[in-house]
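Have a look at the structure below, then the notes.
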Amino acid sequence: MAIRYWLGVIQRDHVVLGVRHGFVQINHGQRGGLDQMRESDGFVYYSPRVSTPDGEPLKAFTAIGRVSDDTVYQAAVPRPDGADWRPWRRSVDWYPDAVEAPIRPMLALLDFTSFTRNWGVQLRRGFLELSRHDFELIRNEMRPPHPDDRRFPTASR
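With the numbering used here as the guide, the letters of the sequence shown map in order to residues 110 to 266.
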């Protein structure tokens, strides 16, 4: 089976939790979408805001990695009222040295944004498939800067 690439949309504060514990969760814990992913697929998170519900605007890619197995599972997450919430998740091996990358410098280059002024509308679904081109472009932008990068600045950084 061919490797596919996925993008999930979630605020950065939730991304941090998923990266810390090695999972991806989309669309408020719904299963839909997670079933489409397979081991070794690429996954990137885009965060429109820093936190929920009204955090500062961010508009950046905030984590990137690879799906680590073919299991979709439910986690038991206690709520303040004592009830359990059971969100669906997938295990992901996150790239530990990835740095946040703003989307704005990539808008004209990404397949999913380059042909429309209303690129943000499709992100409202919370989950979408990316082209390999888009995943690789985002991954390159999320690589940590090398010390020599100060001598050779690029247009996007």
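Glycine is no exception: its CB is placed at the ideal position from the N, C-alpha and C atoms.
This one's a predicted model, so the numbers in the text were calculated from it and none came from an experiment.
In the three-state scheme derived from DSSP, where H, G and I count as helix and E and B as strand, Ile247 is classed as helix.
In its chain, beyond the 5 residues on either side, Met215, Leu218 and Leu219 have a beta carbon closer than 7 Å to the beta carbon of Leu246.
When secondary structure is reduced to three states using DSSP, Arg213 falls in the helix class. Taking the Cβ atoms as the reference, Phe132 lies roughly 7 Å from Arg199, within the contact range of under 8 Å. A distance below 8 Å between beta-carbons, with the five flanking residues on each side excluded, links Ser240 to the following residues of its chain, in chain order: Tyr114, Asp220 and Phe221.
Between Arg175 and Asp150, the gap from beta carbon to beta carbon is short of 8 Å. Burial check for Leu126: the Cβ neighbour count within 10 Å stays below 16, so the residue is exposed. In the three-state reduction of the DSSP assignment, Gln145 falls in the helix class, which pools H, G and I. In the assembly as shown, Ser156 is a buried residue. Its beta-carbon has 16 or more other beta-carbons within 10 Å. Annotated as proximal: Ile135 and Gly235, with beta-carbon spacing under 8 Å. Secondary structure at Leu218: coil, using DSSP grouped into helix, strand and coil.
Note on Gly141: under 16 other CB atoms within 10 angstroms of its CB, so exposed under the neighbour-count rule.
Taking C-beta separations shorter than 7 Å and ignoring five residues to either side along the sequence, the partners of Ala210 in its chain run Ala169, Phe170, Ile247, Glu250 and Met251, following chain order. By alpha-carbon distance to Asp179, the top candidate from Arg147, Pro162, Tyr204 and Pro189 is Arg147.
For Asp179, the enclosing beta strand (DSSP E) stretches over residues Pro166 to Gln183. Distance from the Cα of His123 is smallest, within the candidate group Ala185, Glu238, Thr161 and Val230, for Thr161.
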